[in-house]
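Protein chains in written order, with the numbering used here: chain A, 12 to 276; chain B, 2 to 170; chain C, 10 to 115.
The beta-carbon is built from N, C-alpha and C at its ideal position, and this holds for glycine as well.
Encoded as structure tokens, the structure appears first; notes follow it.
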Amino acid sequence: MSARRKRTRWLAPAAVLLALAMVMSARAEIALKERRSGYADLGPETKAMQDDDTANPGMLWALDGEALWSAKTGAADRACADCHGDARASMKGVAARYPAFDSKLGHPINLEQRINLCRAERQQATPFAFESKQLLALTAFVGKQSRGLPIAPPADERLRPFLEAGRAQFNRRQGQLNLSCGQCHDDNWGKRLAGNIIPQAHPTGYPLYRLEWQSLGSLQRRLRNCMIGLRAEPYDYGAPEYVSLELYLMWRARGLPIETPAVRP
Amino acid sequence: MTDKRPKILATRRDVLATAGSLVGGGLIGGLGLAPPAVAQTQLKSPASPMASAIRRIVGEAKLKPGKVKLDVPPLSENGNSVSLRVSVDSPMTSTNYVKAIHVLTEKNPQTYVTSVRLGARAGRADISTRMRLADTQSVIAIAEMSDGSFWSDTATVIVTLGACLEDVT
Amino acid sequence: MARALINVPAKAKRGEIITIKTLISHVMESGFRHDQFGAKIPRDIITSFVCTYNGEEIFQAVLYPAITANPFITFNTIATESGTIAFMWQGDNGFSATETVNIAVE
């Protein structure tokens, strides 16, 4: 069977299943009007921590990111600022529309991967390791430029299969606990689990300062925490499964304002 | 490299040992009572680390409840970071001011949280910080005044364990 | 990454009580944690924080392992005169950091 025939063979039944899945999952999804950020569930002290840039520990990373933005680096001896100028203008809205489709790679990439691609291709520098201080700092700095703007995943048809893969992952039972993301975050948000309020799980403030980590961390770190919590084996950082899930989560949170760098328990 | 594992602030052995001495000193029974009884009971049980620490600060003087306001959330979102604020009712003049503020915990493996030195130049005895609490426990703030008197306030914070931990073990 | 965030009003009236907020990046390793082999992770904390106003000490704090990572400390002082407010943190393993801000008092 030719490769093309293989690809198209499942299109028709898949389209039906997709429509079905969309109808089925649409029932469980949170109504657009009812969506709210995890910020709403914070105690007053933690809210104050997030609201005050001089009390928000995440700002320490954003400050470092600002320094990295202007630092020449790599064999090309180029700073982000050399191409992108003032981040306040050039990076405004960027974090709100990531993950985005990368034409060369043929699949979506998240903001961290975009930064690393720039480092490798434009600055000829070694990409930063995931969860490294520098990558977190730059992502926090870039993300902060979108603070207050609504999450706006691109209306790019090429993203659709990845969006659906993310949605399927969100609703699929996983791990020894055999739970899906949706069972907690669509069906039981607002209720308590071991003393904590279950949030709706919208990635409005990533990378964020998590009190549990006592450090800034990325959305993928949080997703790995969740999977470990389910006693499922987490994917490696940068795995396509995470990017698809990120894409779905951003689509699910469309319209909610970005809070980067947020503070969460 | 950032350490992503949850904190183990005290082993079960530490907590049980401290709890044992506290029960012996009547502190757990005293928690339901007004602050003066708590402070006095603590002073009567020298085995408790918190009581020893208080004695080291206060010496032979009497620790009186009042003038101090300790603000902590009754239920902390995460024991790793609990906001606290201590404000002391004092005119903060050169003859009548708060010399120092001490914050102690009941069940942490180390009793002290912070000791702060103030003076009349502060204008207002009002400090804030964030602390770690290993378990549900009481916290005490002691203000040392310029006239040698000691005042205090206590509060209890409930600390729960987060639902989805990072560690596989 | 020993970065600090200081919040001091740039201007104040003479005699006004101002609130100073400080935040410094530091892991504040308590010394009570164990790695997966059961070995204790050694303590690495900031132990003291001193603030001076034109050279005179206005605030001092001794920090213990119970202070959260990235210590956040706020306190008050009377704006007496224009000048420099200096902040100094010291800790284990020779840790030392300083920051200064200027204040204009009218």
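Mind pulling the chain C residues with CB within less than 9 Å of residue i?
i	result
N81 of chain B	T77, A78
L71 of chain A	M10, R12, A13, L14, L32, I33, S34, N79
Q194 of chain A	Residues of chain C passing the Cβ test: none, with the nearest at roughly 31 Å.
Q225 of chain A	V36, M37, T77, A78, N79
Would residue i count as contacting chain C if we go by Cβ distances under 8 Å?
i	result
P110 of chain B	yes
L53 of chain A	no
P156 of chain B	The sequence shown places Ala at residue 156 of chain B, rather than the Pro named in the question. False, the Cβ-Cβ gap to chain C never drops below 8 Å.
V34 of chain A	Residue placement at V34 of chain A is flagged as unreliable, the pLDDT there being 49, under the threshold of 50; a coordinate-derived value is accordingly withheld.
T106 of chain B	yes
F151 of chain B	no
With DSSP collapsed to three states, give me the class of residue i.
i	result
M10 of chain C	With a pLDDT of 49 at M10 of chain C, under the threshold of 50, the predicted position of this residue should be treated as unreliable, though the coordinate-derived value follows. The answer is coil: DSSP assigns M10 of chain C none of H, G, I, E or B.
E242 of chain A	Here residue 242 of chain A is Arg; the residue named in the question, Glu, does not match the sequence. Residue state, collapsed to three classes: coil.
S53 of chain B	helix
L150 of chain A	The amino acid at residue 150 of chain A is misidentified as Leu; the sequence shows Thr. T150 of chain A: helix per DSSP, three-state reduction.
A73 of chain A	helix
S255 of chain A	helix
T137 of chain B	coil
Q185 of chain A	strand
H103 of chain B	strand
P172 of chain A	helix
V36 of chain C	coil
G49 of chain A	helix
W200 of chain A	coil
M102 of chain A	coil
Q69 of chain C	strand
G33 of chain B	Bear in mind that the predicted position of G33 of chain B carries a pLDDT of just 34, short of 50, making it unreliable; the figure below should be weighed with that in mind. In this structure, G33 of chain B counts as coil in the three-state DSSP scheme.
R221 of chain A	strand
E108 of chain C	strand
A250 of chain A	coil
K30 of chain C	strand
G64 of chain C	coil
Whole-angstrom Cβ separation of residue i and residue j, contact assumed at under 8 Å?
i	j	result
S153 of chain B	L85 of chain B	At roughly 14 Å, the Cβ-Cβ gap does not stay under 8 Å, so S153 of chain B and L85 of chain B are not in contact.
T31 of chain C	I82 of chain C	5 Å
T57 of chain A	L14 of chain C	That pair is no contact at about 17 Å.
G177 of chain A	S255 of chain A	4 Å
P80 of chain C	I55 of chain C	6 Å
Y50 of chain A	A273 of chain A	7 Å
R130 of chain A	P138 of chain A	5 Å
E257 of chain A	P165 of chain A	Wrong, their Cβ atoms sit about 13 Å apart, outside the cutoff.
With 8 Å set as the bound, which would you pick, yes or no: does the beta-carbon of residue i sit closer than that to a beta-carbon of chain A?
i	result
P84 of chain B	Reading off the sequence, residue 84 of chain B comes out as Ser, not Pro. Chain A contact via Cβ: present.
F96 of chain C	no
N102 of chain C	no
P74 of chain B	yes
Determine whether the Cβ of residue i lies closer than 8 Å to any Cβ atom of chain B.
i	result
R38 of chain A	Caution applies to R38 of chain A, whose pLDDT of 48 falls short of 50 and renders its modelled position unreliable; the value that the coordinates give is listed next. Answer no: the Cβ-Cβ gap between R38 of chain A and chain B never drops below 8 Å.
F46 of chain C	no
P276 of chain A	yes
E168 of chain A	no
I54 of chain C	no
P268 of chain A	no
T57 of chain A	yes
Closest to residue i by CA distance: which of the options is it?
i	options	result
A126 of chain B	C:I50, C:I67, C:K22	C:I67
G85 of chain A	A:L256, A:Q134, A:G69	A:Q134
R57 of chain B	B:N97, B:Y113, B:D136	B:Y113
P276 of chain A	A:Q185, A:I209, A:R235	A:I209
G216 of chain A	A:M70, A:K44, A:D198	A:M70
L43 of chain A	A:M102, A:I269, A:R263	A:R263
D90 of chain B	B:E145, B:V158, B:A54	B:E145
D198 of chain A	A:Q187, A:D88, A:N182	A:N182
A87 of chain A	A:A73, A:E132, A:M60, A:G76	A:E132
V160 of chain B	B:G80, B:G60, B:P74	B:G80
S129 of chain B	A:Y220, A:M60, A:V153	A:M60
Taking C-beta pairs closer than 9 Å, name the residues in chain A that residue i reaches, listed in chain order.
i	result
K30 of chain C	D63, T65, A66
How would you list, in chain order, the residues of chain B whose beta-carbon sits under 7 Å from the beta-carbon of residue i?
i	result
T83 of chain C	I128, S129
L222 of chain A	E78, N79, N81, S82
Below 7 Å on C-beta distance, what does residue i contact in chain C?
i	result
M132 of chain B	A75, I76, T77
T115 of chain B	A70, V71, L72, Y73, I76
Q187 of chain A	None at all; the shortest Cβ gap to chain C is about 20 Å.
In chain A, which residues lie with their C-beta within 8 Å of the C-beta of residue i?
i	result
L162 of chain B	A205, G206
Could you tell me which chain B residues have their CB closer than 8 Å to the CB of residue i, listed as they occur along the chain?
i	result
T86 of chain C	R122, A123, G124
I112 of chain C	None at all; the shortest Cβ gap to chain B is about 14 Å.
Which bits of chain C does residue i rub up against, with CB to CB less than 8 Å?
i	result
L119 of chain B	F68, F84
Taking 7 Å as the cut-off, is the C-beta of residue i nearer than that to any heavy atom in the ligand SAM?
i	result
P55 of chain A	For the ligand SAM, the structure offers nothing, since it holds no ligand at all.
Any beta carbon from chain F within less than 8 Å of residue i's own beta carbon?
i	result
I55 of chain C	Looking at the structure shown, chain F is missing, and the protein chains on hand are A, B and C.
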